[in-house]
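Counting in the numbering used here, the sequence shown runs from 29 upward without gaps.
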Amino acid sequence: MLHKNTYLISFQKNSGSAWHFATLQFLSFAALSLFGTYGNVYFKRRGLSDIQLGILLTVPAMVSIVGPMIWGIASDLLQRRKPIVITMYLVSAILFPLFWFLNSQTFILICITMGLFSFFFNPSIPLTDTWTLDYLSNTGGNYGKIRCWGSVGYIVPLLFSTVLFPSSAGGTAEVLLPMFFGVSGFRLLAASQASYMTDIIPSGQKKLDWKILRIYLRPFAITFFFCVFMRSFAFSPFFAFFNIYLDTLGVTDNMKGLPWIVAAGAEVIMIAFSDKLMQRFGAVTAIISAYVAMAIRFFVLATAPSWEVILFIQLLHAFTFGAYHPAAIQIINQITPESFRATGQTLVSVIGGIGRILGNLAGGFWASSYGYSVLYKYLGISVSVATLILVIAFANCEKPQLNDD
């Protein structure tokens, strides 16, 4: 009887901790959804050209080459996640309002502010994922069920945006003021939430042997990193110019979040079932399906489709993110020892950062020179070629076994 009661108390404690991580995911993605949906529209309305916007977006990409690795290595060396994650949420909440006072005439200051902001903003979600995985490795559980609350958090602010933002297209930057309250507010709430959570110390701590990271030179790992690079190269300019493209198509400000509500809704369903689907089909199959869906998505956007078609193809986000993200995390964890888990996750961010730099520069040039339809056509071609390379490369690589320390 005593054993049964002890088990019940332990189960309730673990369940409560899972909700803490789910809440942190919710708040993290709530801030990201507002910044991702309206941030580039705001900068465009502050007078930035497509070329300037492309350059501005290379700043967080450049920071992501160094920043996440610094945070990840520090986290692994300290074997602590909590104080680092709290710092990221708190400082980014303080820095974000500075963008309100800047415009195209202060472009250099915008770039500097973006660099500082990105250093604290961008690595927070990968390290929150790492913290979540540390928790699950100790207690067991389903990553997809916790992570799907991040997708719910992405949706909720966009639902409110349908009533907070004006029902007009091509308005002024000032009408986007609620974005600033939302981003900083959610980041402050996330810092508060993290402060109440228990730090998870990875089990079986040993002296870190950095030579073991030579595993990243194996063909399977190199193929996976090429996949990360190309996905970032294509997806970053797609995401950067999508809502600006909607502006040119006459979509009103209060409706700009609707395509992402549809996308995140599809993503939630996919992530909720991701563990079972990957057990049956495998992570590599999930990644290839994400690439195929990405190519279709870009080619359809290149035709300047109707509003209804735009909403429909957003359902493909179930594959381009909902299938890709859990598969990528599973693969990097398979090829990375537990003690280096944060380093492994941030290495993905570094390689993705290089892809985003080149993608945003190319995207800014294509959009400025040829227009948004041609931009998406070129992105579709790039992804199609990458898909063929990945299919051939993965088919000829030996799949890794799960790594332990």
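Quick reminder that beta carbons are idealized off the backbone N, C-alpha and C, glycines included.
Original post:
K493 by DSSP, collapsed to three states: which one?
Top reply: Nothing can be reported for residue 493: it is not among the residues displayed for the chain, which extend from 29 to 433.
Original post:
Under the rule that 16 or more other beta-carbon atoms within 10 Å means buried, what is G232, buried or exposed?
Top reply: Per-residue confidence for G232 stands at a pLDDT of 49, beneath the threshold of 50, marking its modelled position as unreliable; no derived number is given.
Subject >> Within 7 Å, strictly: CB atoms of Y404 and L339 >> reply: no
**OP:** For I114, I'd like the list of residues in its chain whose CB is within less than 7 Å of its CB, leaving aside the five on either flank, ordered along the chain.
**Re:** A219, A222, S223
Subject >> Where the alpha helix (DSSP H) through N361 begins and ends >> reply: 352-362
**OP:** Determine the contact status of Y66 and M283, defining contact as a CB-CB distance below 7 Å.
**Re:** no
Original post:
Under the three-state reduction of DSSP, which class applies to I315: helix, strand or coil?
Top reply: helix
Original post:
Considering C139, what are the terminal residues of the alpha helix (DSSP H) in which it resides?
Top reply: 135-149
Subject >> Among A50, P125, F127, Y406, the one whose alpha carbon lies nearest that of L14 >> reply: With the chain running from 29 to 433 in the structure shown, residue 14 is simply not present.
**OP:** Give a yes or no on whether the C-beta atoms belonging to W288 and L192 are separated by under 7 Å.
**Re:** no
Subject >> Every unbroken alpha helix (DSSP H) within the stretch 68-106, with a cutoff of 4 residues, ordered by chain >> reply: 78-106
Subject >> Straight-line Cα distance separating I136 from A59 >> reply: 25 Å
Original post:
Near F147, what residues of its chain come up, given a Cβ to Cβ distance below 6 Å and the 5 sequence neighbours on each side ignored?
Top reply: V91, G95
**OP:** From the DSSP output, in three-state form, read off P194 for me.
**Re:** coil
**OP:** Give the DSSP-derived three-state secondary structure of N424 in the structure shown.
**Re:** coil
Subject >> Rounded straight-line distance, which links the Cα of K173 to that of S302 >> reply: 9 Å
Original post:
What residue range is occupied by the uninterrupted alpha helix (DSSP H) comprising M258?
Top reply: 247-276
**OP:** Leaving out five residues on either side along the sequence, give the residues of the same chain with a beta carbon under 7 Å from the beta carbon of A321.
**Re:** L344, F347, T348
Subject >> Whole-number beta carbon distance between I272 and K72, since they are thought to touch under 8 Å >> reply: 5 Å
Original post:
Among T200, G285, R308, which residue has its Cα nearest to the Cα of V75?
Top reply: The sequence given here places Gly at residue 75; Val does not occur at that position. Checking every option, the nearest Cα to that of G75 belongs to T200.
Original post:
P125 by DSSP, collapsed to three states: which one?
Top reply: helix
Subject >> Extent of the continuous alpha helix (DSSP H) run through R108 >> reply: No alpha helix (DSSP H) contains R108, which DSSP labels as neither H nor E.
Subject >> Nearest neighbour of I101, chosen from V312, P151, P194 [CA to CA] >> reply: P151
**OP:** State the CB to CB distance for the pair F257 and I379, rounded to an integer number of angstroms; the pair is presumed to be in contact (CB under 8 Å).
**Re:** 5 Å
Original post:
Looking only at its own chain, which residues have a Cβ that is under 7 Å from the Cβ of G178, when we skip the five neighbours before and after it?
Top reply: Q53, F54, S56, F57
Subject >> Pick from L126, I98, I93, L155 that is closest to D227, judged by C-alpha positions >> reply: L155
Original post:
Hey, would you say G408 sits closer than 7 Å to F326, going by beta carbons?
Top reply: yes
**OP:** Verify whether the separation of the beta carbon atoms of I79 and G392 is less than 7 Å.
**Re:** yes
Original post:
Roughly how many angstroms lie between the CA atoms of L105 and T141, to the nearest whole one?
Top reply: 28 Å
Original post:
Quick one, which of L375, G285, R259, R384 has its alpha-carbon nearest A323's?
Top reply: R259
Original post:
For P265, which residues of its own chain have a beta-carbon under 6 Å away from its beta-carbon, when the five flanking residues on both sides are left out?
Top reply: G387, N388, G391
**OP:** Could you spell out the range, first to last residue, of the alpha helix (DSSP H) harbouring K304?
**Re:** 302-309
**OP:** State the Cα-Cα distance for the pair S212 and G64, rounded to the nearest angstrom.
**Re:** 14 Å
Original post:
Going along the chain, which residues of its own chain have a beta-carbon closer than 6 Å to the beta-carbon of K110, five neighbours each way excluded?
Top reply: D227
**OP:** Report yes if the C-beta distance between C176 and A300 is below 7 Å; otherwise report no.
**Re:** yes
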